[in-house]
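Student:
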Amino acid sequence: MTTDVPSRPKARAPRGFQDRRADALAVERKILAAVSRVYETYGFELLETGALEYADALGKFLPDADRPNEGVFALQDDDDQWMALRYDLTAPLARFVAEQSDSLPKPFRRYAFGPVWRNEKPGPGRYREFLQCDADTIGSDRPEADAEIIAMAVEGYGAAGLPPSAFTLRINNRKLLNGLLTAAGVGDSGQKLAVLRAVDKLDRLGATGVAALLGAGRKDESGAFTKGAGIASAAIDSVLAFVEAARETRIATLDRLAQVIGGSIEGDEGLAELSRIDDALTRLGVADDRAVFDPSIVRGLEYYTGAVFEAELSLQTPGDHGEPVRFGSIGGGGRYDDLVARFTGQRMPATGFSFGVSRLAAALAASGGGLEKARGPVVILALDGALMGEYFALAGELRACGVAAEVYLGSSGMRAQMKYADRRLSPAAVIMGGDEMAAGTVTIKDLDLGRSLAGAVTDNQTWRDDRPGQITVPRAEWLARVRRIVETAA
RNA sequence: GCCGCCUUAGCUCAGUUGGUUAGAGCGCUAGAUUGUGGAUCUAGAGGUCCUCGGUUCGAGCCCGAGAGGUGGUACCA
């Protein structure tokens with residue numbers, strides 16, 4: 005073997021994972037703080053569970069039981085037990101409640117936030133690691149619990165900075181369609197699932213596309229064929245009448261639903277629940293344009309048993325090439341009365357909502373335009389190695405007042421140091437070299453002021469002579485001057 | 001998972017029928033300017049032409065396979 009070039013690792017983040025810098029993180033942190041505050045005012049307590057769960061605690065809901073590693077990131081512990089990174093915050097909550105049931109007040113109300121991981125194909129705005137922020141009420145089967153979750157979600161989006169016109173909460177109840185299908189003679193659970201998937205595509209394919217998927221099947225433009233649910237044509241008609249029952253107000257939609265649902269015990273139950281949700285929402289001050297009943301809302305999760313919610317971003321944001329980008333769902337949830345019973349065997353009704361924090365942050369960032377960049381610290385220029393002690397003393401004085409400051413620690417000259425401060429978006433640079441030291445002064449440059457004056461300067465000589473935004477003050481005054489500059493910059 | 005398109009410098013992209021040492025703009029580093037951000041001029045650094053294999057005297061360019069990206073579609077706890 006000849007001597008090879010040493011093989012170096014390629015520096016790259018795994019696909020579907022992203023590095024995020026201060027600007028992006030600041031947006032997320034603001035959202036989390038705002039939403040957490042809303043949850044706490046409603047009486048929810050914070051809970052944190054670990055990133056890993058035993059796979060069997062999550063596994064029942066994997067899409068394909070034959071491939072337990074599909075969909076989640078799984079690994080085997082040294083005792084051979086399979087563990088998996090959590091894919092949402094609901095399954096870990098169900099495990100926690102089942103495990104700690106005796107010591108918890110019931111109903112138990114908790115909120116939680118943190119990253120979740122999904123091992124699937126990433127896409128634009130779709131990552132394999134992202135943040136969720138959930139609130140759940142466990143141990144109450146009152147529809148008012150659902151209503152409160154919805155009201156909280158609406159309030160949370162507002163607190164996060166979304167204008168009311170930018171999103172809508174859509175509400176449905178699984179029991180309606182289930183009851184309708186049973187009444188129409190569709191009992192097979194595989195068929196019911198196929199119907200749900202078809203209905204989910206209403207906004208994209210329209211009524212005729214959905215009708216095809218409910219019946220024999222549908223061929224799309226690329227020629228790919230999707231097998232249909234294969235239900236009878238009378239049943240197709242009632243399903244279509246059902247999904248198009250949405251009206252202007254929640255009450256009007258309820259009236260219309262009562263007509264098309266055709267009387268089944270389960271359907272009537274669903275209607276009664278929605279009616280009580282409407283009452284409660286009205287009392288909680290959630291208007292008809294903020295939260296609507298929409299029978300076409302499905303949600304993918306099989307574990308939902310009753311009411312389901314979905315928050316949709318209606319805000320249109322221009323993409324990189326000017327075309328509008330639709331972000332779609334920015335959160336969702338629903339009632340899952342059987343999830344805890346998987347562990348305990350005892351029914352434990354529950355309902356919750358999950359905020360898609362990363363999606364929402366991306367949407368806000370894309371639409372915000374004038375999103376402010378993170379400001380850097382005051383930079384103390386390091387002009388003379390013998391004065392480093394002085395520089396650190398200056399930085400210390402600023403820090404003691406709560407002003408972010410740093411001494412330049414690179415080895416470049418003054419020009420590069422100014423560029424450094426500029427790139428960090430520093431409010432000010434502090435210059436103390438031999439001249440200032442001898443005169444007992446400090447030179448301070450207001451970088452924002454200099455930036456705004458720079459446009460008017462045309463030739464280099466003026467630029468250098470004027471030194472825009474720069475002042476030299478006695479040593480005794482420097483701290484007050486810098487602090488004033490920092491305050492106006494912020 | 002399936003189908004289409006794409007992959008050349010940090011970024012956006014040129015690159016002639018297959019022919020010497022692969023280019024530009026922006027960005028970056030530095031000088032012009034003893035100690036000053038912008039503008040201007042100058043210089044410099046930076047490349048596995050996605051990877052592997054094949055055809056050829058010769059491949060960034062042609063052929064095959066794979067990877068990654070992207071747009072649909074399916075799935076989405």
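Be aware that the first sequence starts at 5, since it is given in my numbering, and climbs by one per residue.
Note that beta-carbon positions come from the ideal geometry of N, C-alpha and C, so glycine has one too.
As the structure is a computational prediction, the values presented were derived from the model and not from experiment.
Exposed or buried, T466, counting other C-beta atoms within 10 Å across all chains shown (16 or more means buried)?
Tutor: exposed
Student: Using CA atoms only, rank isn't needed, just tell me which of S268, L391 and P128 is closest to A187.
Tutor: S268
Student: Does the count of Cβ pairs from the stretch 333-347 and the stretch 236-251 closer than 8 Å reach three?
Tutor: no
Student: Please confirm whether R379 and A291 have their CB atoms less than 8 Å apart.
Tutor: no
Student: Out of G194, A15 and P96, state which residue places its alpha-carbon closest to the alpha-carbon of A55.
Tutor: P96
Student: State buried or exposed for D463, treating a residue as buried only when at least 16 other CB atoms are found within 10 Å of its CB.
Tutor: exposed
Student: Going by CA-CA distance only, name the one from R178, A163 and F21 that's closest to L36.
Tutor: Ranking R178, A163 and F21 by Cα distance to L36 puts A163 first.
Student: For K231, count neighbouring C-beta atoms within 10 Å of its own C-beta (all shown protein chains included) and say buried if the count is 16 or more, exposed if not.
Tutor: exposed
Student: Please name the residue or residues paired with M87 in a DSSP beta bridge.
Tutor: Y58 and L79
Student: Tell me whether G20 sits in a helix, a strand or coil according to DSSP, three-state version.
Tutor: coil
Student: Taking the beta carbon of D23 as the centre, do at least 16 other beta carbons fall within 10 Å, making it buried, or is it exposed?
Tutor: exposed
Student: For L391 and G437, I'd like the C-alpha separation in whole angstroms.
Tutor: 8 Å
Student: Mark Q136 as exposed unless 16 or more other C-beta atoms lie within 10 angstroms of its C-beta, in which case mark it buried.
Tutor: buried
Student: Should S362 be labelled buried (16 or more other beta-carbon atoms within 10 Å of its own) or exposed?
Tutor: Buried.
Student: Could you tell me the alpha carbon to alpha carbon distance between G191 and R178, rounded to whole angstroms?
Tutor: Between G191 and R178, the C-alpha separation is close to 15 Å.
Student: May I ask you to report which of helix, strand or coil DSSP gives T462?
Tutor: coil
Student: Quick one: residues in its chain with C-beta nearer than 8 Å to the C-beta of G459, no 5 flanking neighbours on either side, listed in chain order?
Tutor: none
Student: Less than 8 Å between the C-beta atoms of T309 and R339, yes or no?
Tutor: Yes, these two residues count as a Cβ contact at 8 Å.
Student: May I ask you to verify whether the stretch 138-149 touches the stretch 351-365, counting CB pairs closer than 8 Å and requiring at least 3?
Tutor: yes
Student: Using the beta-carbon count (16 or more within 10 Å), is A26 buried or exposed?
Tutor: exposed
Student: Would you say G165 and L429 are within 8 Å of each other, going by their C-beta atoms?
Tutor: no
Student: Could you give the first and the last residue of the continuous alpha helix (DSSP H) run that contains L180?
Tutor: R178 to A187
Student: Would you report the Cα separation of A233 and T94, rounded to the nearest angstrom?
Tutor: 30 Å
Student: Does P67 come out as helix, strand or coil in the three-state DSSP assignment?
Tutor: Residue confidence for P67 is low, a pLDDT of 38 falling below 50, so the modelled location carries little weight and cannot support an answer.
Student: Determine the DSSP secondary structure at P322, reduced to helix, strand or coil.
Tutor: Per-residue confidence for P322 stands at a pLDDT of 48, beneath the threshold of 50, marking its modelled position as unreliable; the derived number appears in the next sentence. Here DSSP, grouped into helix, strand and coil, assigns P322 to strand.
Student: Going by C-alpha to C-alpha distance, which of F77, S107 and E152 sits closest to E124?
Tutor: F77
Student: Can you tell me whether L97 is helix, strand or coil according to DSSP?
Tutor: helix
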